[in-house]
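Take a look at the structure set out below.
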Amino acid sequence: MPVITEIEDLRRIYRRRVPKMFYDYTESGSWSEQTFRENSSDFDDLYFRQRVAVDMADRSLNSQMIGQDVSMPVALAPVGLTGMQHWDGEIKAAKAAEKFGVPYSLSTMSICSIEDVAANTSKPFWMQVYTLKDDDFMQRLFDRAKEAKCSAAIITVDLQLLGQRHRDLKNGLSAPPKLTPKSVANMMTKVQWGMGMLSTKRRFFGNIVGHAKGVSDPSSLSTWTAQAFDQSLDWDRIREFRKMWDGPLIIKGIMDPRDARKALNVGADAIVVSNHGGRQLDGALSAIRALEPIVEAVGDKIEVHFDSGIRSGQDVLKALALGAKGTYIGRAYVYGLGAMGQEGVTRSLQVIEKELDMSMALCGHRDIKGVDRDILMVPKGFSDGWDQEPPAA
Ligand SMILES: Cc1cc2nc3c(=O)[nH]c(=O)nc-3n(C[C@H](O)[C@H](O)[C@H](O)COP(=O)(O)O)c2cc1C
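Under the UniProt record's numbering, residue 393 is the last one in the sequence shown; the count climbs by one each step, no gaps.
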């Protein structure tokens, strides 16, 4: 068994074990990938204040996200095609999250269906919903989530159209993968992955195939999003979705205080400050820089969550210190899943937990709920000082 000490170890193993098409799908941002890179590198501009001779025994990372108990404030983010990274990937990731005591979010674009994940887990998970044109499909998706006892819905609002990732187009990304001489040659070198995939029937978009009308090629992500996603989405429509789901609602993909206020007004219980891991608007600010002004605008009225760029427990701690009540990891757990299935997701969570716990202690805290901005040194102009501040909404 390889010694895993950091998330990067898992990424390296993942890269060796999973076909290039699916590795590239994860490890890409849109266009020049500036936002993808800066999402992580901007964490380096924030420094911790080291404190000493403070009692650090008996520490706790226990917390709550949308009123639900979590063993640490780190959820698994919704990630499409997870079941292509590892056979039955969504079920395995959900099981790892359940055992660890953190929320699992299932993507609309998952391979295992809502029903399948529910049948193979025992705790409720969160259902992520994309905003599609087809009202019947949307209502059924919420109803299916309700029947599966999902304990929250996440509406992702930053993907009315799909940001271009060059490698996905060049690789002809699809689920199941299209067999070209190049993709077959590459897959032949991933024996464990190939055997695993042959051992399962779950190789199509499980929430879509057989549920969505008028989709001519459901295997192609780009064709499907172009056909089905609602480019005319507005806040009135989001209000309609709010009516379709009476449980806790999280709105994901907020990067501007004005949009945060709008999410509050449609009755969301939480928002996720997120730029989709740098996969949508390239050239947008890193999410960690966008976080604090949003917390200042709405943080006393709505729970503010954060994702995009987290690769360590230190990153989680910084986001919490800037006011996030909870965080999500995307790639950091996909690396683990692709590297070693359910065990790999557990390893990712363990790495993050240990880093979070020890860094919190070295900043002089014993309880994650008591961590605040005081543990950080934030450079002037980290989140503001732009030539032009946005007008108030
Ligand atoms: C491979 C991949 C697929 C994703 N699919 C979805 C999705 O289906 N729905 C969604 O809301 N977000 C999706 N996201 C965005 C994640 O939920 C999350 O915002 C992002 O991964 C956070 O950035 P990080 O990967 O740097 O942690 C995806 C991200 C990745 C990397």
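Beta carbons are placed, not taken as given, at the ideal position from N, Cα and C, and that holds for glycine.
Here the structure is a predicted model, which means the values were calculated and not measured.
Open item on the list: Just to confirm, is the Cβ distance from Ile155 to Ile251 under 7 angstroms?
Closed with: Locating residue 155 in the sequence shown gives position 155, where the first residue counts as 1. Locating residue 251 in the sequence shown gives position 251, where the first residue counts as 1. A contact, by the Cβ cut-off of 7 angstroms.
TODO: Take the Cβ of Gln342 as the centre, count every other Cβ of all protein chains shown within 10 Å, and call the residue buried at 16 or more, exposed below.
DONE: On the sequence shown, residue 342 is found 342 positions in, with the first residue counted as 1. Residue environment analysis places Gln342 among the buried positions, since at least 16 neighbouring C-beta atoms fall within 10 angstroms of its C-beta.
Open item on the list: Rounding to the nearest angstrom, what Cα-Cα distance links Gly267 and His305 in this structure?
Closed with: Position 267 of the sequence shown holds residue 267. Position 305 of the sequence shown holds residue 305. The straight-line gap from Cα to Cα measures roughly 16 angstroms.
Task: Any beta strand (DSSP E) of 3 or more consecutive residues that is wholly inside the stretch 149–208 - done: Taking only runs of at least 3 residues, the beta strand (DSSP E) segments lying wholly in the stretch 149–208 are 152–156.
Task: The alpha helix (DSSP H) enclosing Gln128, as first and last residue numbers - done: For the purposes of this step, residue 128 is identified with residue 128 of the sequence shown, where counting begins at 1. Looking at the DSSP string, Gln128 is not in any alpha helix (DSSP H); the run it does join, the beta strand (DSSP E), is 126–130.
Task: Buried versus exposed call for Tyr335 [16 or more other C-beta atoms within 10 Å across all chains shown] - done: Numbered from its first residue, the sequence shown carries residue 335 at position 335. With 16 or more other Cβ atoms within 10 Å, it is buried.
TODO: Run the CB neighbour count on Glu147, radius 10 Å, all protein chains shown included, and call it buried at 16 or more, exposed below.
DONE: For the purposes of this step, residue 147 is identified with residue 147 of the sequence shown, where counting begins at 1. With fewer than 16 other Cβ atoms inside 10 Å of its own Cβ, Glu147 counts as exposed.
Task: For Val378 and Gly309, the rounded distance between their alpha carbons - done: On the sequence shown, position 309 is the one that residue 309 refers to. On the sequence shown, position 378 is the one that residue 378 refers to. Taking the straight line from one Cα to the other gives about 18 angstroms.
Task: Helix, strand or coil at Gln231 according to DSSP, with G and I counted as helix - done: Residue 231 sits at position 231 when you count from the first residue of the sequence shown. In the three-state reduction of the DSSP assignment, Gln231 falls in the coil class, being assigned neither a helical nor a strand state.
- [ ] Reducing DSSP to helix, strand and coil, say where Val304 ends up.
- [x] For the purposes of this step, residue 304 is taken as the residue at position 304 of the sequence shown. Strand.
Task: Collapsed DSSP secondary structure at Met21 in the structure displayed - done: Within the sequence shown, residue 21 is the residue found at index 21, counting from 1. Correct three-state label for Met21: helix.
Task: CB contact flag (Asn275, Thr26, <7 angstroms) - done: On the sequence shown, position 275 is the one that residue 275 refers to. On the sequence shown, position 26 is the one that residue 26 refers to. With respect to the 7 angstroms criterion, Asn275 and Thr26 are not classified as neighbours on the basis of their beta carbons.
TODO: Classify Glu240 as buried or exposed, calling it buried when 16 or more other Cβ atoms lie within 10 Å of its own Cβ.
DONE: The residue you call residue 240 lines up with position 240 of the sequence shown. That one is exposed.
- [ ] Please say whether Gly326 and Pro73 have beta carbons closer to each other than 7 angstroms?
- [x] Residue 73 sits at position 73 when you count from the first residue of the sequence shown. Residue 326 sits at position 326 when you count from the first residue of the sequence shown. Yes, these two residues count as a Cβ contact at 7 angstroms.
Task: Arg17 classed as buried or exposed, judged by whether at least 16 other C-beta atoms fall within 10 angstroms - done: As a first step, residue 17 is located in the sequence shown; it is residue number 17 there, counting from the start. Arg17 is buried by the Cβ-count criterion.
TODO: Tell whether a beta-carbon distance below 7 angstroms holds between Gly313 and Gly277.
DONE: Here residue 313 corresponds to residue number 313 of the sequence shown, with the count starting at 1. Here residue 277 corresponds to residue number 277 of the sequence shown, with the count starting at 1. For Gly313 and Gly277, no; Cβs fall outside 7 angstroms.
- [ ] Kindly examine ligand 1 and report whether one of its heavy atoms sits closer than 6 angstroms to the Cβ of Ala77.
- [x] Taking the sequence shown and counting its residues from 1, the one referred to as residue 77 is at position 77. At least one heavy atom of ligand 1 is nearer than 6 angstroms to the Cβ of Ala77, so yes.
Open item on the list: Give the list of continuous alpha helix (DSSP H) stretches no shorter than 4 residues that lie fully inside the stretch 39–126.
Closed with: Taking only runs of at least 4 residues, the alpha helix (DSSP H) segments lying wholly in the stretch 39–126 are 82–85, 89–100, 114–119.
TODO: Spell out a yes or no on whether the stretch 31–51 and the stretch 205–215 are touching, meaning 3 or more CB-CB pairs, one atom from each, closer than 8 angstroms.
DONE: Short answer: they don't touch.
Open item on the list: By the DSSP assignment, the alpha helix (DSSP H) with Ala284 in it spans what residues?
Closed with: Position 284 of the sequence shown, counted from the first residue, corresponds to residue 284. DSSP places Ala284 outside any alpha helix (DSSP H), giving it a letter other than H or E.
- [ ] From the DSSP output, in three-state form, read off Val3 for me.
- [x] Reading the sequence shown from its first residue, position 3 is the one you call residue 3. DSSP places Val3 in coil when its eight states are reduced to three.
Open item on the list: Measuring only from the beta carbon, is His276 closer than 6 angstroms to any heavy atom that is part of ligand 1?
Closed with: One-based indexing of the sequence shown puts residue 276 at position 276. Relative to ligand 1, the beta carbon of His276 is positioned inside 6 angstroms of a heavy atom.
Task: Segment limits, alpha helix (DSSP H) that includes Ile375 - done: Sequence index remark: in the sequence shown, residue 375 carries index 375 (1-based). Careful: Ile375 lies outside any alpha helix (DSSP H) and carries neither H nor E.
Open item on the list: Looking at the secondary structure, which residues open and close the alpha helix (DSSP H) in which Gly344 lies?
Closed with: Here residue 344 refers to the residue found at position 344 of the sequence shown. Element bounds for Gly344: 331–362.
- [ ] Locate the beta strand (DSSP E) running through Gly253, then write down its first and last residues.
- [x] What you label residue 253 is simply residue 253 of the sequence shown in a count that begins at 1. Gly253 -> beta strand (DSSP E) spans 249–254.
Open item on the list: In the DSSP output, which residue or residues are listed as bridge partners for Thr327?
Closed with: Counting from 1 along the sequence shown, the entry for residue 327 is found at position 327. Answer by DSSP bridge pairing, in chain order: Val74, Phe306.
Open item on the list: Would you say the beta carbon of Gly330 is closer than 6 angstroms to some non-hydrogen atom of ligand 1?
Closed with: What you label residue 330 is simply residue 330 of the sequence shown in a count that begins at 1. The answer is yes for Gly330.
Open item on the list: Quick check: is any heavy atom of ligand 1 less than 6 angstroms from the C-beta of Ile310?
Closed with: The sequence position of residue 310 within the sequence shown is 310, counting from 1. Ile310 Cβ: within cutoff of ligand 1.
Task: 8 angstroms CB neighbourhood of Asp372 in its chain, flanking five on each side removed - done: Position 372 of the sequence shown, counting from 1, holds the residue named residue 372. Ala321.
Open item on the list: Taking its Cβ as the centre, do 16 or more other Cβ atoms sit within 10 Å of Tyr47, making it buried, or is it exposed?
Closed with: Walking along the sequence shown from the start, residue 47 turns up at place 47. Burial state of Tyr47 is exposed, judged by a 10 Å Cβ sphere holding fewer than 16 other Cβ atoms.
Task: Between the CA atoms of Arg366 and Ala57 - distance to the nearest angstrom - done: To locate residue 57, count along the sequence shown from 1; it is residue 57. To locate residue 366, count along the sequence shown from 1; it is residue 366. Cα to Cα, Ala57 sits roughly 7 angstroms from Arg366.
TODO: Starting from Ala268, trace the alpha helix (DSSP H) both ways and give me its first and last residue.
DONE: Within the sequence shown, numbered from 1, the residue matching residue 268 stands at position 268. Membership of Ala268 in any alpha helix (DSSP H) is not indicated, and neither H nor E is assigned to it by DSSP.
Task: Lys92 versus Arg59, Arg202, Asp143, Ala324, residue with shortest Cα-Cα distance - done: Position 92 of the sequence shown, counted from the start, is the residue given in the question as residue 92. Of the residues Arg59, Arg202, Asp143, Ala324, the one whose Cα lies closest to the Cα of Lys92 is Arg202.
Task: Backbone CA spacing between Gln128 and Leu349 [nearest angstrom] - done: The residue you call residue 128 lines up with position 128 of the sequence shown. The residue you call residue 349 lines up with position 349 of the sequence shown. Straight-line measurement puts the Cα of Leu349 at about 21 angstroms from the Cα of Gln128.
Task: Asp259, DSSP secondary structure in three states - done: On the sequence shown, position 259 is the one that residue 259 refers to. If DSSP states are grouped into helix, strand and coil, Asp259 belongs with the helices.
Open item on the list: Using a 10 Å radius around the Cβ and a threshold of 16 neighbouring Cβ atoms, would you call Trp224 buried or exposed?
Closed with: One-based indexing of the sequence shown puts residue 224 at position 224. Buried, since its Cβ has 16 or more Cβ neighbours within 10 Å.
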